[in-house]
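Scroll down for the structure; my scribbles are underneath it.
2 protein chains.
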Amino acid sequence: MSDLLGRLRERGWRLTSQRRVVAEVLDGEHVHLTADEVHARAVERLPEISRATVYNALGELVTLGEVVELSTDGRAKRYDPNARHPHHHLVCSRCGTIRDVHPTGDLMTGLAAEERFGFTVSKVEVTYRGLCPACAGQDA
Amino acid sequence: MSDLLGRLRERGWRLTSQRRVVAEVLDGEHVHLTADEVHARAVERLPEISRATVYNALGELVTLGEVVELSTDGRAKRYDPNARHPHHHLVCSRCGTIRDVHPTGDLMTGLAAEERFGFTVSKVEVTYRGLCPACAGQDA
DNA sequence: ATCCTACGATGGACGCAATCCAAGTCAAGA
DNA sequence: TCTTGACTTGGATTGCGTCCATCGTAGGAT
């Protein structure tokens, strides 16, 4: 994120206290909050902020390319602020913990031309699934 | 799917007319129906089948490993019957069309040990995104 | 062929995530 | 300071999925 607020202002984003708080909450590595979690943290700083506003701000940040939306389980979407440094995800199948990962190699070349069905392919998302150390520890 | 019903019977699956219809609807390549779409098609053959039953049957087929659940867009989950032949997906960003693809290369080796955060990684899902020929055709 | 019974089906109520909307509020340029 | 269009609000609404009490039935036993 670093100078997210500066970049947004340059793009003509009207800077309200609500938007500022949402952007501040979404800062750091391995941050993958749901909209409700973002709202809960935003409320700590700005008690009257509404859910609708959080949804609006998140949607705009996604459109602007500053945040990526993840749906790793069919439940609530999660918002990842690390959009400026492309990466993939490692997800615990039991507890849902998510880590950012940076696999090596060109993932794009694996898909042969005759397997593209005429699509113009523009990006690849990779999700590794398994058990995190804590969940692998507990038997069963 | 081929002899899905036979395999299910061997596993002690009680074969009801409802389950048979759900299994029949989920047959073929590049089939990625939502639960509601499965229900709609099932109703054509068995008018009184309920949505709850379709959800139950789909959930069981997923547990049995005969069908995989996809959430490519955060909207309704989709059900892919091709679970016995592992594959990945190519999704149109505009219309949502999904094709099965089989990329070459070992996707697992790309993830360095120090990038695994102690996880025991058991599978990898790859989603290619882009525009299908029809959507790329229309300008805008 | 018939009976039994445990497992499956039903459908309406419920819950969660997300979106919509009309009315009120405010950031930022003049 | 004023003005205005963009933003915020919260309650209603929608979409997707699950739950649950009741009814029905597949398939083994006789």
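Chains A and B, in that order, are what the protein sequence lines are.
In terms of the working numbering, the first sequence opens at residue 735 and continues consecutively.
In terms of the working numbering, the second sequence opens at residue 735 and continues consecutively.
Every residue gets a Cβ at the ideal spot worked out from N, C-alpha and C, and that includes glycine.
None of these values were measured; they are calculated from a predicted model.
is_contact[residue i, chain A] using C-beta, thresh 7 Å
i, result
"B:V877", "Given that chain B is displayed from residue 735 to residue 874, the structure contains no residue 877 of chain B and the question cannot be resolved."
"B:R785", "no"
"B:L798", "no"
"B:R863", "yes"
"B:E782", "no"
"B:L845", "yes"
"B:G793", "no"
"B:G686", "As displayed, chain B neither begins before 735 nor continues past 874, which places residue 686 of chain B out of reach and without an answer."
"B:G740", "no"
Delimiting residues of the beta strand (DSSP E) encompassing residue i
i, result
"B:C826", "822-826"
"A:T854", "854-865"
"B:R833", "832-835"
"B:D814", "812-814"
Residue i in three-state terms, based on DSSP
i, result
"B:S805", "coil"
"B:R775", "helix"
"B:T787", "helix"
"B:T797", "helix"
"B:T768", "strand"
"A:A847", "helix"
"A:L792", "helix"
N-terminal and C-terminal residue of the alpha helix (DSSP H) that residue i is part of
i, result
"B:S751", "751-759"
"A:R743", "738-744"
CB contact below 7 Å: residue i versus chain B
i, result
"A:C869", "no"
Members of the stretch 810-840 of chain B near chain A, C-beta cut-off 8 Å: K811, L824, C826, S827, R833, V835, H836, P837, T838, G839
Residues of the stretch 748-780 of chain A whose Cβ lies closer than 9 Å to any Cβ of chain B, in chain order: none
Chain-ordered residues of the stretch 845-860 of chain A with a beta carbon less than 9 Å from chain B: L845, A846, E849, R850, F851, G852, F853, T854, V855, S856, K857, V858, E859, V860
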